Ligand SMILES: *[C@@H]1O[C@H](CO)[C@@H](O)[C@H](O)[C@H]1NC(C)=O
Ligand SMILES: *[C@@H]1O[C@H](CO)[C@@H](O)[C@H](O)[C@H]1NC(C)=O
Ligand SMILES: *[C@@H]1O[C@H](CO)[C@@H](O)[C@H](O)[C@H]1NC(C)=O
Ligand SMILES: *[C@@H]1O[C@H](CO)[C@@H](O)[C@H](O)[C@H]1NC(C)=O
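In UniProt numbering, the protein residues as written are 1 to 473.
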């Protein structure tokens, strides 16, 4: 009897090894990233490659997948998307915000981001829609796109990506992103809820939505920009008052000339002039990086690094240099059709529908919450582009509409004994949190606070309201 068992085990053993040759747990070996140029050694696995969305059109989306740095089999799957519309989640999220590596100051290698979100979850970054970064279509009319087709393609992407990574099919799924991903992420969640409602077998195991400095309602978010300028001394009191008196932002539309009155347009132009060009609107505290200087330094193999408040404000230039290195593209299996333009953070080929930024996202957030899926809206408090002043009001109004009670009163949350920001929660499901000292790109200027916020979110925990250190951050 014992012998039989042994033989059977041997047989099972060799069968498993046959699968091993195909790839780890069936994952595609052709997508495995062995090592990126100038990359420090790490223990976790990285994959990158293409998922064909429409073979007839030749439309394909590029992804970069980073397993959790520890015990990936028992950690959730998190999607991260940057905004734009038309900007790269790989250039943004993966390589300057929450991924495991940042570019080196000379643009010729990578350094470890010790606060990477892959300490808490497996991370998936997608360049979406086709036309962004290394995602492309052989049919140029596909570049005329908008919110609906972007969400559809993302849904198809997931169904096909799960074929490459079958063990992630039933894994807890969290959808996250920032800025215009305030449209992408809720709309994808909406498409997933539709899919789940109609599917008789496979259902997405969607567990949460978190969006940072998200565009949710253009008219309110635009007004907030001018309130922010005013409250931060970036315009005069006269201008601030004139804007609030002369401008009816309820009628604001994305397309120029924005459907505002002449007096409002005039005073807004004046405000923008006073704010000036020498400020980083995405983080009004940070100094700016001067492109002409940094580009020369990179050519001369010098360090472009310029530190302001602990942040390398020239990182975006180092990143562009790194991602345009043909060796880097080869290691990532990117640019397989030799695209006729360089990699850039935001697409130059996309023709995105001008009406879609006007879409009000709050009804979609409402549906998500009504499906008992937690929604976190977080906000770097140094951002003037989609400032907390708009998001905070919109979330309160949403809570009111849902008849949600305040379940965590507005108050400070703590990280490493300091205030990480302020937070409130409604109906045990809807959270609004600021991140103190953070930019529009929250993890960029505050990586440690951002990781704490993210890891609380994926573990279904509230942010700590005392200075006592939490067990894991
Ligand atoms: C797109 O066109 C290239 C050749 O130009 C071809 O190799 C490829 O298979 C086509 N389709 C996709 C999805 O890339
Ligand atoms: C433009 O503004 C007017 C009021 O000034 C308003 O009646 C109209 O609906 C607005 N158009 C759009 C497209 O929002
Ligand atoms: C793709 O590769 C070609 C060279 O084959 C290069 O000229 C181009 O800049 C690359 N484009 C992107 C988007 O990486
Ligand atoms: C902190 O949170 C706990 C648990 O949610 C709550 O019981 C307590 O009242 C809160 N303390 C303060 C000071 O808000």
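Using N, Cα and C, we set each Cβ at its ideal position, and we do this for glycine too. Note that the coordinates shown come from a computational prediction; the quantities given were computed from them, not determined experimentally.
Residue 282 in three-state terms, based on DSSP:
Residue 282 sits in coil when the DSSP states are folded into three classes, being neither helix nor strand.
#### Entry: Opening and closing residue of the beta strand (DSSP E) in which residue 112 lies
Note, residue 112: beta strand (DSSP E), 110-112.
- Message: Since residue 181 and residue 214 should fall inside the 8 Å C-beta cutoff, what is the C-beta to C-beta distance between them, to a whole number of angstroms?
- Response: Between residue 214 and residue 181 the Cβ distance is about 7 Å, and since that is below 8 Å, they are a contact.
Looking at residue 113 and ligand 4, is the gap between the Cβ and the nearest heavy atom below 7 Å?
Checking the Cβ of residue 113 against ligand 4 gives no.
Given a threshold of 16 other Cβ atoms within 10 Å of its Cβ, counted over all protein chains shown, does residue 461 qualify as buried or as exposed? That one is exposed.
Next item on the list: Over the uninterrupted alpha helix (DSSP H) stretch that includes residue 207, give me the two end residues.
Entry: Unbroken run through residue 207 is the beta strand (DSSP E), 206-212; no alpha helix (DSSP H).
By how many angstroms is the C-alpha of residue 318 removed from the C-alpha of residue 325?
Distance between the alpha carbons of residue 325 and residue 318: 11 Å.
Spell out a yes or no on whether the segment 55-75 and the segment 31-45 are touching, meaning 3 or more CB-CB pairs, one atom from each, closer than 8 Å. Yes: at least three Cβ pairs fall under 8 Å.
Rounded Cβ spacing between residue 146 and residue 88 (contact assumed at less than 8 Å): About 18 Å; that fails the 8 Å criterion.
Does the beta-carbon of residue 92 have 16 or more other beta-carbons within 10 angstroms, so that it is buried, or is it exposed?
Classification of residue 92: buried, given that the 10 Å Cβ count is 16 or more.
Discussion item. Suppose the cutoff is 7 Å on Cβ atoms and the five residues either side in sequence are ignored; what does the same chain contact list for residue 112 look like?
Written reply: Scanning its chain for C-beta atoms nearer than 7 Å, with the 5 sequence neighbours on each side dropped, one finds around residue 112 the residues 40, 100, 101, in chain order.
Are there any heavy atoms of ligand 4 lying less than 7 Å away from the beta-carbon of residue 428, as far as the coordinates show? Incorrect: residue 428 has no Cβ contact closer than 7 Å to ligand 4.
Relative to the alpha-carbon of residue 54, which residue among 277, 365, 156 has its alpha-carbon at the smallest distance?
When C-alpha distances from residue 54 are compared across 277, 365, 156, the shortest belongs to 156.
Looking only at C-alpha atoms, which of 75, 303, 35, 315 sits nearest to residue 124?
Checking every option, the nearest Cα to that of residue 124 belongs to 75.
Pick out whichever of 446, 466, 247 has its Cα sitting closest to the Cα of residue 97.
Answer by Cα proximity: 446.
Excluding five sequence neighbours on each side, which residues of the same chain lie with their C-beta closer than 7 Å to the C-beta of residue 427? Excluding positions up to five away in sequence, the list reads 399, 402, 404, 405, 407.
Where the beta carbon is closer than 5 Å to any heavy atom of ligand 3, which residues qualify, in chain order? Ordered by chain, the residues meeting the criterion of a beta-carbon within less than 5 Å of a non-hydrogen atom of ligand 3 are 335, 338, 339, 342, 343.
Which residues does DSSP list as the beta-bridge partners of residue 227?
Paired residue(s): none; residue 227 is not in a bridge.
| Is residue 221 near ligand 2, with its Cβ less than 7 Å from a heavy atom? | Not so, every heavy atom of ligand 2 lies at least 7 Å from the Cβ.
Q. What's the call for residue 395, buried or exposed, on a 16-neighbour Cβ count within 10 Å?
A. Residue 395 comes out buried.
- Item | Residues bridged to residue 385 [DSSP beta-bridge criterion] | Under the DSSP definition of a beta bridge, residue 385 lacks any partner.
From the DSSP output, in three-state form, read off residue 489 for me. Look at the range of the chain in this structure, 1 to 473, and you will see that residue 489 is not part of it.
- With a 10 Å radius around its C-beta and 16 neighbouring C-beta atoms as the bar for buried, classify residue 456 as buried or exposed. Burial call: buried.
- Would residue 459 be called buried (16 or more neighbouring beta carbons within 10 Å of its own) or exposed? Under this definition residue 459 is an exposed residue.
Exercise. Tell me, to the nearest whole angstrom, how far the beta carbon of residue 208 is from that of residue 158; I am working on the premise that it is less than 8 Å.
Key: At roughly 16 Å, the Cβ-Cβ gap does not stay under 8 Å, so residue 208 and residue 158 are not in contact.
key: Burial state of residue 348, where buried means 16 or more other Cβ atoms lie within 10 Å   = Its Cβ having fewer than 16 others within 10 Å, residue 348 is exposed.
What's the C-alpha gap between residue 363 and residue 370? If you draw a straight line from the Cα of residue 363 to the Cα of residue 370, it is about 10 Å long.
Notebook entry, point to check: Which residue or residues does DSSP assign as beta-bridge partners of residue 412?
Noted result: BP columns for residue 412 point to 422.
Taking its Cβ as the centre, do 16 or more other Cβ atoms sit within 10 Å of residue 453, making it buried, or is it exposed? Taking a 10 Å sphere around the C-beta of residue 453, we find 16 or more other C-beta atoms and assign the residue as buried.
Is the closest heavy atom of ligand 1 to the C-beta of residue 58 under 7 Å?
Yes.
Near residue 131, which residues of its chain fall below 6 Å by C-beta distance, leaving aside the five closest residues on each side in sequence? Counting only residues of its own chain and dropping the five nearest sequence neighbours on each side, residue 131 has a CB closer than 6 Å to the CB of 143, 347, 349, 350.
Classify residue 476: buried if its beta carbon has 16 or more other beta carbons within 10 angstroms, exposed otherwise. It is not possible to answer for residue 476, since the shown part of the chain is limited to 1 through 473.
Margin query: Just checking residue 461 against ligand 4 - is the residue's beta carbon closer than 7 Å to any of the ligand's heavy atoms?
Written below: A distance criterion of 7 Å places the beta-carbon of residue 461 beyond contact range of ligand 4, judged by its closest non-hydrogen atom.
- Task: Could you tell me if residue 35 is buried or exposed, where buried requires 16 or more neighbouring beta carbons within 10 angstroms of its beta carbon?
- Result: Exposed, because fewer than 16 other Cβ atoms sit within 10 Å of the Cβ of residue 35.
- Verify the CB distance criterion: does residue 339 have a CB-CB separation below 8 Å to chain D? Included in the structure is just one protein chain, with no chain D present.
Query raised in the report: Measuring CA to CA, which of 166, 222, 287, 167 is closest to residue 309?
Result: Ranking 166, 222, 287, 167 by Cα distance to residue 309 puts 287 first.
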